[in-house]
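Reviewing the structure listed below.
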Amino acid sequence: QVRLVESGGGLVQAGGSLRLSCAASGSIFSIVSMGWYRQAPGKQRELVARISTGGSTNYADSVKGRFTISRDGAKNTVSLQMNFLKPEDTAVYYCNLNGLYGQYWGQGTQVTVSS
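Its first residue numbered 326, the sequence shown is counted upward by one per residue in the working numbering.
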């Protein structure tokens, strides 16, 4: 069993910053990547950013240059530094762990950006 616990969401004004963190625990084997997805009301869940065990990163075009993903392999944690936040970044953000034997999700953390 793998457990992902997120922290760091909240309410911020447009142009502000937030940092999301996610800690993985449990029976973790052969991690391929960790990342963040988000889901806004009435929309599908979408990839925000992902980082592989080798350090390769992928970002949604909408967040490139504003968000930075990082990972501590020894601690099995992944963080998302979000700068210059926009109202359209408002969503529930989910931590994701993609392993060879399965994919796991956190419970989600709300990020609200006011205009």
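The beta-carbon is built from N, C-alpha and C at its ideal position, and this holds for glycine as well.
Keep in mind the model is a prediction, meaning the values are calculated, not measured.
- Per DSSP, reduced to three states, the secondary structure at Asp414 is helical.
- Shown here for Ile353: same chain residues with a beta carbon closer than 8 angstroms to its own, the five before and five after excluded, namely Val327, Asn401, Leu422 and Gly424 in chain order.
- Here Glu413 is exposed, its C-beta having fewer than 16 other C-beta atoms within 10 Å.
- For Ser350, the enclosing beta strand (DSSP E) starts and ends at Leu343 to Gly351.
- If you check the CB distance, Val388 and Ala365 do not come in under 9 angstroms.
- With contacts defined by Cβ atoms closer than 9 angstroms, Val337 and Ser439 form a contacting pair.
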